[in-house]
Amino acid sequence: MKKPTSIPSAWEHVQLGAMLADLKEEHYRTVLTLSALLELLLEKGIVTVEELQAKTSQLDGQMDEQLHKLISSSLRPIQ
908 MKKPTSIPSA WEHVQLGAML ADLKEEHYRT VLTLSALLEL LLEKGIVTVE
958 ELQAKTSQLD GQMDEQLHKL ISSSLRPIQ
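Residue numbers for the sequence shown follow the numbering used here, so the first one is 908 and each next one is one higher.
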């Protein structure tokens with residue numbers, strides 16, 4: 908027998924909103940740090956825009972491939 912699900916209280920909604928705000932702040936700081944690092948690497952001539960674009964495309968392709976495998980494996984018919 909399943910337990911009935913409880914409706915979150917107003918306080919739980921407030922806590923969830925606060926957690927989301929914290930995540931957004933953390934994400935912003937991470938993106939800001941990465942942007943600063945990329946700018947420095949470009950300014951110092953350590954990497955080129957073309958190298959960054961190539962690596963980004965490579966990693967994006969790998970992520971797409973992994974996601975496709977994950978979805979394919981989870982959608983197998985039940986036998």
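Here a beta-carbon is modelled for each residue, glycine too, at the ideal position from N, C-alpha and C. Fair warning: this is a prediction, and the values are worked out from it, not measured in the lab.
Item: Look at the Cβ atom of Trp-948, then the Cβ atom of Val-954, and state whether they are nearer than 8 angstroms.; Value: For the sequence presented, residue 948 should be read as Leu rather than Trp. Cβ distance < 8 angstroms, so Leu-948 and Val-954 count as in contact.
Item: Taking Cβ to Cβ, would you say Leu-884 is nearer than 8 angstroms to Leu-959?; Value: There is no way to answer for residue 884, as the model of the chain reaches only from 908 to 986.
Item: Tell me the DSSP secondary structure of Gly-924 in three-state form.; Value: helix
Item: Between Glu-972 and chain B, is there a C-beta pair that is closer than 8 angstroms?; Value: In the structure shown, chain B does not exist; there is a single protein chain.
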